[in-house]
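Asker: I have a structure I would like to understand better, so I am pasting it below and will then ask my questions one at a time.
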Amino acid sequence: MNVYLAEFFGTALLLLMGGGVVANVVLKKSKGEAADWIVIAIGWGLAVTLGVYAVGQFSGAHLNPAVTVAFAVTGDFPWYQVPGYIIAQMLGAIVGAALTWLTYLPHWRATEDKAAKLGVFSTAPGLRNYMANFLTEIIGTAVLIAGLLFIGANQFTDGLNPLIVGALIVAIGVSLGGSTGYAINPARDLGPRIAHALLPIHNKGGSDWAYAIVPVLGPIVGGMLGAVIYRLVFQNVIDAWTIVTCILVALTLLLGQVMNKKANKEDIAQI
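Residue numbering for the sequence shown follows the numbering used here, beginning at 12 and increasing consecutively.
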């Protein structure tokens with residue numbers, strides 16, 4: 012299988028299963044309605060596990076632009092393939108989100124809550140403070156990338172790796188995901204958000220584009236941070252990427268502060 016097709020298919024499968032568990036929990040008249048956060052976290056973990064099992068042998072199953080960029084920073088992935096991987100992941104995420112919409116087709120009309128409908132597709136903060144939300148996504152994705160590198164450094168039986176990666180996603184969800192919904196993956200948020208904007212969802216409301224940069228930029232920078240921390244602590248490597256990443260983290264948090272000042276004060280949670 013072509014590596015780009017593999018990333019497309021794996022990401023579509025990830026978003027179908029991951030978005031599906033959210034839809035099952037939040038949409039009215041669903042059999043899983045009102046299940047709790049643990050169900051969502053486990054569902055996303057299993058979705059990642061399935062995606063990795065499906066295409067890991069073909070493309071490495073990044074399924075996440077933050078992973079692709081981070082692996083390029085560490086030198087484990089060629090930069091020339093990064094744009095193609097990201098495009099494939101984004102397109103796969105859009106298709107996966109559309110399949111989730113089709114799977115729960117009667118339930119959108121039965122659900123009045125516009126925020127719940129959007130929540131099937133994309134993340135939203137519990138308390139909106141752009142700087143703090145950026146920080147949460149940076150930390151969560153740094154843990155993700157460091158965790159993936161830890162897993163890669165150990166000699167596990169190949170068939171166990173996808174399960175361990177899925178467990179890592181569950182751990183991040185239950186520990187670090189409560190503030191922003193733990194996008195930790197730009198394609199996971201932006202692709203479905205685009206799908207939400209395009210699909211004829213009954214009484215859907217807006218797609219909250221004001222927040223959309225947080226789950227895109229935060230995970231990219233966080234992934235780079237996880238990569239350079241791993242290289243610094245475990246490989247004693249300090250290079251230009253270390254400096255560039257630190258600058259990007261600072262600029263991202265500064266952007267969050269600027270966004271806070273431009274937003275209505277009553278909409279921004281105080282720290």
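Just so it is clear, CB atoms sit at the ideal spot from N, CA and C, and this is done for glycine as well.
Once DSSP output is grouped into helix, strand and coil, what is the label at residue 271?
Answerer: Residue state, collapsed to three classes: helix.
Asker: Quick check on this structure: which residue in 143, 121 and 238 has the alpha carbon closest to the alpha carbon of residue 281?
Answerer: Answer by Cα proximity: 143.
Asker: Output needed for residue 132: all residues of its chain with C-beta closer than 7 Å, excluding positions within five of it in sequence on either side, in chain order.
Answerer: The residues are 30, 108, 203, 204, 206 and 207.
Asker: How is residue 120 classed by DSSP in three states: helix, strand or coil?
Answerer: Helix.
Asker: Go ahead and pull the three-state DSSP assignment for residue 105.
Answerer: It is helical.
Asker: Among 106, 87, 117 and 73, which one has its Cα closest to the Cα of residue 97?
Answerer: Comparing Cα-Cα distances from residue 97 to each of 106, 87, 117 and 73, the minimum goes to 73.
Asker: Could you give the first and the last residue of the continuous alpha helix (DSSP H) run that contains residue 174?
Answerer: Looking at the DSSP string, the run of the alpha helix (DSSP H) that includes residue 174 is 172 to 187.
Asker: Please list the segments of the alpha helix (DSSP H) lying wholly inside the stretch 40 to 116, counting only runs of 4 or more residues, in order along the chain.
Answerer: As far as the stretch 40 to 116 is concerned, its whole alpha helix (DSSP H) runs of at least 4 residues are 48 to 70, 76 to 85 and 93 to 114.
Asker: Give me the Cα-Cα distance between residue 90 and residue 149, rounded to the nearest whole angstrom.
Answerer: Taking the straight line joining both Cα atoms gives about 22 Å.
Asker: Roughly how many whole angstroms lie between the Cα atoms of residue 26 and residue 199?
Answerer: Their backbone Cα atoms lie some 7 Å apart in a straight line.
Asker: Using only CA atoms, which one of 187, 64, 195 and 128 lies nearest to residue 39?
Answerer: Selected option, being the one with the closest Cα: 128.
Asker: Please check the pair residue 271 and residue 141, which I expect to be a contact at CB under 8 Å, by giving their CB distance rounded to whole angstroms.
Answerer: Indeed they touch by this definition, with Cβ atoms about 5 Å apart.
Asker: Is residue 284 near residue 92, with beta carbons less than 8 Å apart?
Answerer: Summary: the structure shown does not reach residue 284, with the chain confined to residues 12 through 282, and so no result is reported for it.
Asker: Is the beta carbon of residue 209 sitting closer than 8 Å to the one on residue 232?
Answerer: The answer is no: Cβ separation not under 8 Å.
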